[in-house]
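S.K.:
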Amino acid sequence: MRKVLAAFVTLALVAGVSVFAYSPVPAGAQGGGAIEASVTYNGAPVVEKLKVNKDTKQCGTEAVIEKVVVGGNKGLANAVVSVAGAKGAPRAMKAEIDQHGCKFVPRVVAMTPGAIDIKNSDGILHNIHTYSTANASINKAQPKFKKVMTEKFDKPEFIKLTCDVHSWMLGWIAVMPNPFFGVTDANGATRIENVPPGKYTLDVWHETLGKQTKAVEVKAGQTVKVAIEMKK
Ligand SMILES: [Cu+2]
Numbered sequence: 001m002r003k004v005l006a007a008f009v010t011l012a013l014v015a016g017v018s019v020f021a022y023s024p025v026p027a028g029a030q031g032g033g034a035i036e037a038s039v040t041y042n043g044a045p046v047v048e049k050l051k052v053n054k055d056t057k058q059c060g061t062e063a064v065i066e067k068v069v070v071g072g073n074k075g076l077a078n079a080v081v082s083v084a085g086a087k088g089a090p091r092a093m094k095a096e097i098d099q100h101g102c103k104f105v106p107r108v109v110a111m112t113p114g115a116i117d118i119k120n121s122d123g124i125l126h127n128i129h130t131y132s133t134a135n136a137s138i139n140k141a142q143p144k145f146k147k148v149m150t151e152k153f154d155k156p157e158f159i160k161l162t163c164d165v166h167s168w169m170l171g172w173i174a175v176m177p178n179p180f181f182g183v184t185d186a187n188g189a190t191r192i193e194n195v196p197p198g199k200y201t202l203d204v205w206h207e208t209l210g211k212q213t214k215a216v217e218v219k220a221g222q223t224v225k226v227a228i229e230m231k232k
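In terms of this note's numbering, the sequence shown opens at residue 1 and continues consecutively.
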């Protein structure tokens, strides 16, 4: 009898715990705050150019590799801003990146762990090749007829994405541990919505300029502005 009771209690506990673990975390619609991040870089843009002699119809005759993109008011594009330690359910929308003009568009995409659609709007042969440590690497041809390839990345990590057909192609897939992130636009700005109130560290990552952090406090119903300057 005691055994049966113990089993019953264990079952109830397990059920209770799992209900708790899977209950949706309020994304902050009620009570969250926003972060408006502005990332700047007080240096020159880094753009490499390369002569192209294959697939020129789609790729053009010159590849432009934008390693550091600096826009108006020194705004730094393509930086991933994220809120370390914030808790929230993964994003419901599937991430995507396109291969267009023999470039990854956008150059930097951020997502929560899960699937990403890798598109081939060029309609030529590309070969996805990723460099990662936490996730398994992918080295896979994407023939011209294959418009979309869906891949999964389950572990948070910054993954380098290249193409073995077009050596200059370079992109990044940022797999983030929580849904509170943004990628800076041409003006170095990004806005992160519905962050649960609290004190956090804001992480900024850039493919060439590395990482930087800044403390931030999010208050319910308010927008906090944070300025971060990336160093060389
Ligand atoms: Cu390619």
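C-beta atoms are modelled at their ideal positions from N, C-alpha and C, and glycine is treated no differently.
If the criterion is Cβ atoms closer than 7 Å, does the pair alanine 174 and alanine 89 meet it?
M.R.: The residue given as residue 174 occupies position 174 in the sequence shown. The residue given as residue 89 occupies position 89 in the sequence shown. Cβ distance not < 7 Å, so alanine 174 and alanine 89 don't count as in contact.
S.K.: Have a look at valine 218 and methionine 176 and give me their C-alpha separation to the nearest angstrom.
M.R.: The residue you call residue 218 lines up with position 218 of the sequence shown. The residue you call residue 176 lines up with position 176 of the sequence shown. Going from the Cα of valine 218 to the Cα of methionine 176 covers about 19 Å.
S.K.: For arginine 107, does the count of other Cβ atoms within 10 angstroms reach 16, so buried, or fall short, so exposed?
M.R.: Residue numbering aside, residue 107 sits at position 107 when the sequence shown is read from its first letter. By the 10 Å Cβ count, arginine 107 comes out buried.
S.K.: So for threonine 56, helix, strand or coil by DSSP?
M.R.: Stepping through the sequence shown from its first residue, residue 56 is reached at position 56. Helix.
S.K.: Within the same chain, show all residues whose beta-carbon is closer than 7 Å to that of glycine 114, passing over the 5 residues directly before and after it, in chain order.
M.R.: Here residue 114 refers to the residue found at position 114 when the sequence shown is read from its first residue. Excluding positions up to five away in sequence, the list reads Pro90 and Lys152.
S.K.: Following a CB-centred definition, is methionine 169 positioned closer than 6 Å to any heavy atom of ligand 1?
M.R.: Reading the sequence shown from its first residue, position 169 is the one you call residue 169. Because some heavy atom of ligand 1 lies under 6 Å away, the Cβ of methionine 169 counts as near it: yes.
S.K.: Could you tell me if tyrosine 131 is buried or exposed, where buried requires 16 or more neighbouring beta carbons within 10 angstroms of its beta carbon?
M.R.: Here the question's residue 131 lines up with position 131 in the sequence shown. With fewer than 16 Cβ atoms within 10 Å of its Cβ, tyrosine 131 is classed as exposed.
S.K.: Please work out which residues of its chain come closer than 8 Å, Cβ to Cβ, to isoleucine 159, disregarding the five sequence neighbours upstream and downstream, and give them in chain order.
M.R.: Here residue 159 refers to the residue found at position 159 when the sequence shown is read from its first residue. Correct list, in chain order: Thr130, Tyr131, Ser132, Asn135, Phe153, Trp172, Ile173, Ala174 and Val175.
S.K.: Using the C-alpha atoms, what's the distance from glutamate 66 back to lysine 49?
M.R.: Against the sequence shown, residue 49 aligns to sequence position 49. Against the sequence shown, residue 66 aligns to sequence position 66. Computed Cα separation, rounded: 9 Å.
S.K.: From lysine 57 to glycine 33, what does the alpha carbon distance come to, in whole angstroms?
M.R.: In the sequence shown, the residue the question calls residue 57 occupies position 57. In the sequence shown, the residue the question calls residue 33 occupies position 33. Whole-angstrom Cα-Cα distance: 47 Å.
S.K.: Report the residue from Glu207, Thr223, Gly60 and Val83 whose alpha carbon sits nearest the alpha carbon of lysine 103.
M.R.: For the purposes of this step, residue 103 is taken as residue 103 along the sequence shown, with counting starting at 1. Closest option to lysine 103, Cα to Cα, is Gly60.
S.K.: Would the C-beta of histidine 166 count as close to ligand 1, meaning under 6 Å from any of its heavy atoms?
M.R.: Taking the first residue of the sequence shown as 1, we reach residue 166 at position 166. Because some heavy atom of ligand 1 lies under 6 Å away, the Cβ of histidine 166 counts as near it: yes.
S.K.: Can you find a heavy atom of ligand 1 that lies under 6 Å from the Cβ of histidine 126?
M.R.: As a working mapping, residue 126 is identified with position 126 in the sequence shown. Histidine 126 Cβ: within cutoff of ligand 1.
S.K.: Can you tell me the Cβ-Cβ gap for serine 237 and aspartate 203, rounded? I've got them flagged as a contact below 8 Å.
M.R.: Because residue 237 is not part of the residues shown, which for the chain are 1 to 232, the question remains open.
S.K.: Quick check: what's the CA-CA separation for lysine 140 versus leucine 161?
M.R.: Translated into positions along the sequence shown, residue 140 becomes position 140. Translated into positions along the sequence shown, residue 161 becomes position 161. If you take the alpha carbons of lysine 140 and leucine 161, they lie about 12 Å apart.
S.K.: Short of 7 Å in beta carbon distance, which residues of its chain neighbour glycine 71, apart from the five on each side in sequence? Order them along the chain.
M.R.: To locate residue 71, count along the sequence shown from 1; it is residue 71. If we look at glycine 71 and ignore the five residues flanking it on each side, its Cβ neighbours are Ala77, Ala186, Asn187 and Gly188.
S.K.: For a test of your reading of the model: does the CB of cysteine 59 fall under 6 Å from any non-hydrogen atom of ligand 1? Yes or no.
M.R.: For the purposes of this step, residue 59 is taken as the residue at position 59 of the sequence shown. It does not: the Cβ of cysteine 59 is nowhere closer than 6 Å to a heavy atom of ligand 1.
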